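Numbering (mature numbering (1 follows the signal peptide of the UniProt record, and there is no 0)), first residue to last: -23 to -1, 1 to 459. No residue lacks a Cβ here, since even glycine has one placed at the ideal position from N, Cα and C. Bear in mind that the values here come from a model prediction, so they are computed numbers and not experimental data.
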């Protein structure tokens, strides 16, 4: 018995330490309120191409769950508000939901969170009373099949759950939600589940531009906002809003509950009065957000605290009601082309250089396929480059000039470099979900052939990448600049 206890304790401690060692994460919300979106399979390929490891969906759609099978992407799935009544009333309904929605796909599809209801306090229907009973039933269903430690159960909130958010140290929950929040917070604390909240500095600026500066909302502020109660300095609105939640939790003596931001972002287009909804502002917000999260700086009240944040949204969704901005939160258009460049690693530049500016004097780098990448990842990236990436890949088809050597690394390198040169030779344009690498040595033009021939033999970060081409110069973007 004692040895068994020690084993359980050691395992629990190891899992806790692994969780602590895991850094902050950036995920993306995959909403599907549109009639022109690509298939879930293509959406999953797009997610992998950009090396996105965390995805939130709002239901348990079978096709989506299948599409993310064996991808390694961690999914947050949802129980819609419309299903809360049935699941809250009977344990058997929760058992059946789990049996149909998770068990056929898990663990091939890596489901790590279940959101039971979404922003129920904002709903005109009275869902609040159903949330905690439904969460308990879902958790019980997970316990029956031994998954309660691997899949966490929570629900999402809007920032409207607070009655006060400034200064952050005065953050307080709306007292009208007390009967709902008390058992909810007790559930989260008991089961080590996060408090999930959707936070949008965009709305704070749009609705009150006289009180909130655009730079502060965009992580671009040159001056700090001081919390007069704590003396803490805030350089951006998102941190202040997260800390307001922290202080609201602490005021109710829930000091150990972690916060997860399950939606944030910035629209790239809006109605005439929504002047801040522009591609530049959207790119600025999300670029700065990613860098802020990846740096593991935490917030002023919780320095170094891990932040898990999901950007809304993967695609523009043309069926969402409301102002124009509601249909323009996506990072990608339905044809899978980017609304604006965004580097998900937080390390590169999101600046765009137009193809017209690429000349023989400034093309000094090229993009090739990493020999360390898996065959599947390279093929997915190649398919994207030759499809939504709009690279003309005719030359690497059978019997065409650049078909040889007939291997994925060579073909992907052809497509990657074309895309890279055509899209400004930026770090983002050579990402391909981590399967592309930049090099500073160009293959030499052959004196024996009218085309282009050479061998890359390049050392990058301590490893060697080699491949060769025999391809007419006019078919490889950038080769004519050599």
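Review point. Leaving out the 5 sequence neighbours to the left and right, which residues in its chain are closer than 6 Å to residue 244 when beta-carbon positions are compared?
Key: Excluding five sequence positions before and after residue 244, the CB atoms of its chain that fall closer than 6 Å to its own CB belong to 254, 302, 305, 306, given in chain order.
Review point. For the candidate residues 386, 367, 378, whose alpha-carbon lies nearest to that of residue 347?
Key: 386
Review point. Tell me the DSSP bridge mates of residue 95?
Key: For residue 95, which the question treats as bridged, DSSP gives the partners 133.
Practice item. Put residue 285 into one of helix, strand or coil per three-state DSSP. Key: Under the three-state reduction of DSSP output, residue 285 falls in the strand class.
Check your understanding: Between 216, 204, 399, which lies nearest to residue 193 when the distance is taken from Cα to Cα?
Key -> 216
Practice item. Note down the Cα distance separating residue 373 from residue 359, rounded to an integer number of angstroms. Key: 11 Å
Point to revise | Coil, strand or helix - residue 335 by DSSP | key: Low confidence applies here, because residue 335 scores a pLDDT of 34, under 50, leaving its location unreliable; read the following figure in that light. Coil, per DSSP.
Review point. What is the DSSP secondary structure of residue 382, reduced to helix, strand or coil?
Key: coil
**Study point:** Closest Cα partner of residue 392 within the set 413, 415, 362
**Key:** 362
Point to revise | Top-ranked residue by Cα proximity to residue 164, from 117, 138, 206, 265 | key: 117
**Study point:** Backbone secondary structure at residue 113 - three-state DSSP
**Key:** helix
**Study point:** Exposure of residue 170, with buried meaning 16 or more beta-carbon neighbours within 10 Å
**Key:** buried
Practice item. To the nearest angstrom, report how far apart residue 251 and residue 259 are at their CA atoms. Key: 13 Å
Check your understanding: With residue 286 and residue 241 assumed to form a contact (beta carbons below 8 Å), what rounded beta-carbon distance in angstroms separates them?
Key -> 6 Å
Practice item. Starting from the Cα of residue 277, find the closest Cα among 257, 208, 384, 7 and give me that residue. Key: 208
Review point. I think residue 184 touches residue 135, with their Cβ atoms under 8 Å apart; what is that distance to the nearest whole Å?
Key: Actually they do not touch by this definition, with Cβ atoms about 13 Å apart.
Review point. Would you report the Cα separation of residue 173 and residue 133, rounded to the nearest angstrom?
Key: Looking at the two C-alpha atoms, the distance is approximately 5 Å.
Check your understanding: For residue 85, which of 104, 64, 42 has the nearest alpha-carbon?
Key -> 42
**Study point:** Sequence-distant residues of the same chain with beta carbon closer than 7 Å to residue 48, five excluded per side
**Key:** 21, 25
Check your understanding: Which runs of the alpha helix (DSSP H), 4 residues or longer, sit entirely within the stretch 118 to 203?
Key -> Here the runs fully enclosed are 155 to 168, 178 to 184, 191 to 194.
Exercise for review: Can you give me the start and stop residues for the alpha helix (DSSP H) that residue 270 sits inside?
Suggested key: 256 to 271
Check your understanding: In chain order, what residues of the same chain lie with their CB nearer than 8 Å to the CB of residue 460, ignoring the 5 residues before and after it?
Key -> As displayed, the chain neither begins before -23 nor continues past 459, which places residue 460 out of reach and without an answer.
Check your understanding: By how many angstroms is the C-alpha of residue 204 removed from the C-alpha of residue 182?
Key -> Residue 182 and residue 204: Cα-Cα distance of roughly 19 Å.
**Study point:** residue 41, enclosing alpha helix (DSSP H) - first and last residue
**Key:** 39 to 44
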